[in-house]
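Residue numbers (the numbering used here), protein chains in the order written: chain G, 5 to 311; chain L, 262 to 357.
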């Protein structure tokens with residue numbers, strides 16, 4: 005349309021979906037939009053696939069905003085997607101990355117929840133599915149994965165914000181991602197993006213024991229955060245979910261790590277400790293810019309350490 | 262649309278296991294509808310809780326009675342939400 009998109013603002017779901025079409029139109033040889041399924045309330049779930057060709061290349065996954073109220077996550081994902089498309093062909097490292105690997109981005113991992121935060125309850129975190137026998141709706145989609153499902157750090161109470169749901173992968177939003185990851189079969193990295201409290205985490209959440217690749221994941225995470233901090237001095241903590249935040253079972257990166265995706269990480273983006281999920285819009289681009297440096301470091305490490 | 266008038270967000274810096282247990286008990290009770298943004302798990306980590314307006318005085322009095330230190334990090338959540346909404350409207354108009 006010729007209208008410029010404001011990345012330094014929060015947008016409703018429809019605007020984000022429409023912007024995806026614009027990005028695809030601007031970079032038709034690099035970016036495609038794929039529907040991976042529908043949400044509980046029948047909204048489409050789209051991934052942006054960045055690919056320069058090849059068949060079933062090794063791939064990197066990232067999703068933003070599985071907890072719908074964490075708005076800076078989705079906003080950061082948009083900026084990252086735009087950055088990746090814009091820098092392909094000019095940034096040598098990113099170009100070599102996209103010449104060898106595909107990148108999948110799910111910018112609205114919980115579309116029903118996101119729409120609900122705009123229309124009804126700004127603090128909504130979960131999905132919007134109905135729970136039989138309860139007046140409370142929704143499942144915490146980051147307690148619903150088949151990794152220590154139903155264990156410590158998840159609630160069996162449908163009214164709780166960390167309700168794990170009736171069974172692993174019961175949430176269609178989770179199942180859609182699980183199906184794509186399994187049918188693809190060649191993901192080498194999985195990065196989940198949350199917001200609040202400035203952390204870069206690796207598995208596990210359901211157990212506090214170190215995973216086999218803990219030393220490598222820790223070292224990659226620390227180097228990534230060093231680059232992040234270099235931009236504005238924002239301080240991040242690095243460690244396993246269980247050790248630096250709290251024990252939480254049924255999380256996405258635990259599932260991906262346990263099925264063999266070694267480079268599984270989760271970000272908790274900036275909040276400044278004053279605004280929670282209401283991070284002022286003027287901090288979106290600084291947040292996206294600083295974390296892009298960490299994300300790029302992780303992606304480069306994945307590219308340079310095939311397994 | 263749900264309103265959060267008078268809701269506060271407090272940060273609790275837990276100093277002992279007893280204080281931690283008190284917060285964990287608060288987390289499991291449903292009556293006050295507390296929204297834990299950072300859950301009580303360790304004396305090393307802060308705990309952030311959104312207190313619905315109706316629960317502000319009960320919770321803060323309880324914490325004070327047990328000597329649990331806390332500070333208010335969001336005084337009125339709805340004010341922040343109103344600012345956010347105004348900013349979104351302004352941005353939408355600017356875009357078009």
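Note that CB positions come from ideal geometry on N, CA and C, so glycine has one too.
Rounded straight-line distance, which links the Cα of residue j to that of residue i
i             : j             : result
residue 123/G : residue 292/L : 25 Å
residue 305/G : residue 322/L : 51 Å
residue 119/G : residue 150/G : 26 Å
residue 311/L : residue 288/L : 11 Å
residue 289/G : residue 45/G  : 31 Å
residue 103/G : residue 34/G  : 10 Å
residue 76/G  : residue 197/G : 10 Å
residue 175/G : residue 326/L : 42 Å
residue 284/L : residue 276/L : 12 Å
residue 136/G : residue 163/G : 12 Å
residue 24/G  : residue 286/L : 45 Å
residue 296/G : residue 139/G : 41 Å
residue 108/G : residue 208/G : 23 Å
residue 214/G : residue 21/G  : 39 Å
residue 270/L : residue 303/L : 19 Å
7 Å CB neighbourhood of residue i in its chain, flanking five on each side removed
i             : result
residue 86/G  : 11 and 27
residue 5/G   : Confidence is the limiting factor: at residue 5/G the pLDDT is only 44, short of 50, which leaves the residue's position unreliable, though a coordinate-based value still follows. No residues qualify anywhere along the chain.
residue 264/L : 339
residue 285/G : 12, 13 and 14
residue 293/G : 235
Enclosing alpha helix (DSSP H) for residue i [first to last residue]
i             : result
residue 245/G : 245-248
residue 208/G : It is not in any alpha helix (DSSP H) - residue 208/G carries neither H nor E in the DSSP assignment.
residue 261/G : 256-262
residue 292/G : 288-308
residue 75/G  : 75-91
residue 217/G : Where residue 217/G is concerned, there is no enclosing alpha helix (DSSP H), given that its DSSP letter is neither H nor E.
residue 30/G  : 17-30
residue 103/G : 96-104
residue 117/G : 115-123
residue 310/L : No alpha helix (DSSP H) contains residue 310/L, which is instead part of the beta strand (DSSP E) from 308-312.
residue 287/L : 278-289
Buried/exposed call for residue i, threshold 16 Cβ in 10 Å
i             : result
residue 234/G : exposed
residue 252/G : buried
residue 324/L : buried
residue 328/L : exposed
residue 308/G : exposed
residue 51/G  : buried
residue 39/G  : exposed
residue 246/G : buried
residue 173/G : buried
residue 180/G : buried
residue 239/G : exposed
residue 311/G : exposed
residue 282/L : exposed
residue 291/G : buried
residue 18/G  : exposed
residue 183/G : exposed
residue 300/G : buried
residue 216/G : exposed
residue 96/G  : exposed
Cβ shell of residue i (< 8 Å), same chain only, five flanking positions each side left out
i             : result
residue 73/G  : 117, 121, 126, 127, 128, 129 and 281
residue 93/G  : 99
residue 226/G : 242
residue 61/G  : 55, 104, 105, 106 and 190
residue 212/G : 244, 246, 247 and 251
Cutoff 6 Å; reference residue i; Cβ partners in own chain excluding five residues on either side
i             : result
residue 55/G  : 106
residue 191/G : 63, 65, 185 and 265
residue 91/G  : 98
residue 272/L : 307, 309, 332 and 334
residue 280/L : 329
residue 193/G : 64, 267 and 306
residue 278/L : none
residue 219/G : none
residue 313/L : 268 and 294
residue 195/G : 66 and 269
is_contact[residue i, chain B] using C-beta, thresh 9 Å
i             : result
residue 262/L : The structure shown contains no chain B; the protein chains it does contain are G and L.
Continuous beta strand (DSSP E) stretch holding residue i: start and end
i             : result
residue 53/G  : 48-54
residue 316/G : Residue coverage of chain G in this structure runs from 5 to 311, which leaves residue 316/G outside it and unanswerable.
residue 37/G  : 35-42
residue 175/G : Per DSSP, residue 175/G belongs to no beta strand (DSSP E) and is neither H nor E.
residue 63/G  : 63-68
Chain-ordered residues of the stretch 281-296 of chain G with a beta carbon less than 7 Å from chain L: Under the 7 Å Cβ criterion, the stretch 281-296 of chain G contributes 282 and 285.
Please list, in chain order, the residues of the stretch 336-347 of chain L that have any C-beta partner in chain G closer than 7 Å. Close to chain G, meaning a Cβ-Cβ distance shorter than 7 Å, are the following residues of the stretch 336-347 of chain L: 341, 342 and 345.
Using a Cβ cut-off of 8 Å, which residues of the stretch 299-322 of chain L contact any Cβ in chain G, in chain order? Residues passing the 8 Å Cβ filter: 299, 300, 302, 303, 306, 309 and 311.
Check distances from the C-beta atoms of the stretch 224-257 of chain G to those of chain L and list, in chain order, the residues that come in under 8 Å. Residues of the stretch 224-257 of chain G that bring their beta carbon within less than 8 Å of a beta carbon in chain L comprise 249, 250 and 251, in sequence order.
Please list the residues of the stretch 264-291 of chain L that have a C-beta atom closer than 8 Å to any C-beta atom in chain G, keeping them in chain order. For chain G, the residues of the stretch 264-291 of chain L that bring a beta carbon within less than 8 Å of one of its beta carbons are 265, 270, 272 and 291, in chain order.
At a CB distance below 9 Å, what residues from the stretch 6-18 of chain G approach chain L? Give them in sequence order. Per Cβ criterion, the list reads 7, 8, 9, 10, 12, 13, 14, 15 and 16.
Determine which residues of the stretch 109-134 of chain G have a Cβ less than 8 Å from any Cβ of chain L, and write them out in chain order. Of all residues in the stretch 109-134 of chain G, 123, 124, 125, 126 and 127 have a Cβ within less than 8 Å of some Cβ in chain L.
Identify each residue in the stretch 196-220 of chain G for which the Cβ-Cβ distance to at least one residue of chain L is less than 9 Å, and report them in chain order. So the list reads 200 and 201, given in the order they occur along the chain.
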